[in-house]
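What follows is one structure encoded as structure tokens, with my remarks underneath.
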Amino acid sequence: MIHKKMDTSATSTTAGSGEVTIKGTERSIMHSSTGNREFNIFVSKPQEEPPPSGYPVIYLLDANSVFGTMVEAVRLQSRRPEKSGVVPAIIVGIGYRTNGPFSSERYYDFTLPVAATELPERPDGSPWPAHGGAENFLKFIEEDLKPEIGNRYKIDHDSQTLFGHSLGGLFALYVLYTNPYAFKNYIAGSPSLHWNKNWFHEEEGTFLSRLKQGDGDISIMLGVGEQEGTHKSGMNENARELATRLSIIESGMNVQFKEFEEEGHLSVLPPLINRALRFALHRNVPGGE
């Protein structure tokens, strides 16, 4: 449960001083009911009243690095949804108690259990941090975080999106394969498929069975930066290959692959967020499909 809450929805300033915050946002500390994990939860709520169906929700991984970027993109673009394709939405960022943009804890939360001999080599040659906690992290989202958000806000349970980048993109695809109807939309940016590539091939049959047991369409977008194509991990090739395999599945899935010109692994995030917002929210625009 959430045991500490910091409301940053308003800022008081004196002449020439004052901390800058993002209007309409708040930050809370939340513990998982399993695994004894602690997370910083960032939430942005629209100023507009919710539609009859409730607000669409985007769950954002690595919130310490990209929460502000996504919140401001939604705030600006949702002013004219008929032009932008972006409607007001709740952004729920999952981050860590760090002042930096990333925490080493993400290696544990976003990755699947895998033998150390199968891990890719770390660029600086040092050992990887603890890894393999994706199953518990998904339980936290489904059993702890989603119910909390549903109790606090009027949300559209049929319009929920998961956004992850790099290892977060790997985790988004893990959720798609293990619990495909947990979200309506999946955004996997620069997914680190090289961490668990064999697992996705081995689980494809089970994934197809899960799809047949559910009802409704699912949308998946895989996005990479053009400059990532030279990375030895085969990031772009792996993502393009997976998008192709998913596209031929006859299950009502909408699959898109986008390579962003002249962008690298980190610079791809702002254009990816812009494209992801239209991809996830356009159906909520009056007249949208």
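The numbering used here puts the first residue of the sequence shown at 5, with every later residue one more than the last.
A virtual CB, placed ideally from N, CA and C, is assigned to each residue, including glycine.
For Tyr-157, which residues from the same chain have a beta carbon less than 7 Å from its beta carbon, with the 5 sequence-adjacent residues on both sides left out? Answer for Tyr-157: Lys-49, Tyr-59 and Ile-94, listed in chain order.
Can you tell me where the alpha helix (DSSP H) with Ile-153 in it begins and where it stops? Run containing Ile-153: 150-156, per the alpha helix (DSSP H) assignment.
Reduced DSSP secondary structure (H/G/I, E/B, other) of Tyr-185: Helix.
Thinking C-alpha only, which one of Leu-174, Arg-126, Val-228 and Gly-168 is nearest Met-74? Nearest of Leu-174, Arg-126, Val-228 and Gly-168 to Met-74, Cα basis: Gly-168.
Report the three-state DSSP secondary structure of Thr-308 (helix, strand or coil). A question about residue 308 goes unanswered here, because the residues of the chain that appear run from 5 up to 293.
Nearest candidate by alpha-carbon position, reference Val-91, set Leu-64, Glu-125, Glu-109 and Glu-53: Answer by Cα proximity: Glu-53.
Extent of the continuous beta strand (DSSP E) run through Glu-263: For Glu-263, the uninterrupted beta strand (DSSP E) segment begins and ends at 257-264.
In terms of residues, what are the limits of the beta strand (DSSP E) holding Gln-164? That run of the beta strand (DSSP E) goes 159-169.
Which whole-angstrom value is the C-beta distance of Ile-153 and Val-61, which I expect to be below 8 Å? Confirmed, about 7 Å.
Can you tell me which of the three DSSP states Gly-220 falls into? Three-state result, Gly-220: coil.
DSSP has Gly-294 in a bridge; who is on the other side? As shown, the chain starts at 5 and ends at 293. That puts residue 294 outside it, with no answer to give.
Taking all protein chains shown into account, decide if Ala-67 is buried (16 or more other Cβ within 10 angstroms of its Cβ) or exposed. Buried, by the Cβ-count rule.
Could you check where the alpha helix (DSSP H) with Asp-94 kicks off and where it finishes? One point to set straight first is that residue 94 is Ile, not Asp, in the sequence displayed. Where Ile-94 is concerned, there is no enclosing alpha helix (DSSP H), although the beta strand (DSSP E) it sits in stretches over 94-99.
Say the cut is 8 Å; is the CB of Phe-141 nearer than that to a heavy atom of the ligand MG? Among the components of this structure there are no ligands whatsoever, and the ligand MG is therefore not found.
So the alpha helix (DSSP H) Leu-65 belongs to, where does it begin and stop? Run containing Leu-65: none in the alpha helix (DSSP H); it sits in the beta strand (DSSP E), 59-65.
Is it the case that the region 131-140 contacts the region 202-211, given that we only count it when at least three CB pairs across the two stretches are under 8 Å? Segments in contact, no.
So the beta strand (DSSP E) Phe-43 belongs to, where does it begin and stop? Run containing Phe-43: 42-48, per the beta strand (DSSP E) assignment.
Determine, using beta-carbon pairs with one atom in the region 165-181 and one in the region 107-115, whether at least three such pairs fall under 8 Å. Result yes; three or more Cβ-Cβ pairs closer than 8 Å.
Select from Glu-266, Gly-22, Asp-148 and Ala-247 the residue whose C-alpha is nearest the C-alpha of His-35. The closest CA to that of His-35, considering only Glu-266, Gly-22, Asp-148 and Ala-247, is found on Asp-148.
Which value, in whole angstroms, describes the spacing of the CA atoms of Glu-146 and Ala-186? So the alpha carbons of these two residues sit roughly 8 Å apart.
Grab the span of the alpha helix (DSSP H) containing Asp-128 for me, first residue to last. Note, Asp-128: premise wrong, no alpha helix (DSSP H); not H, not E.
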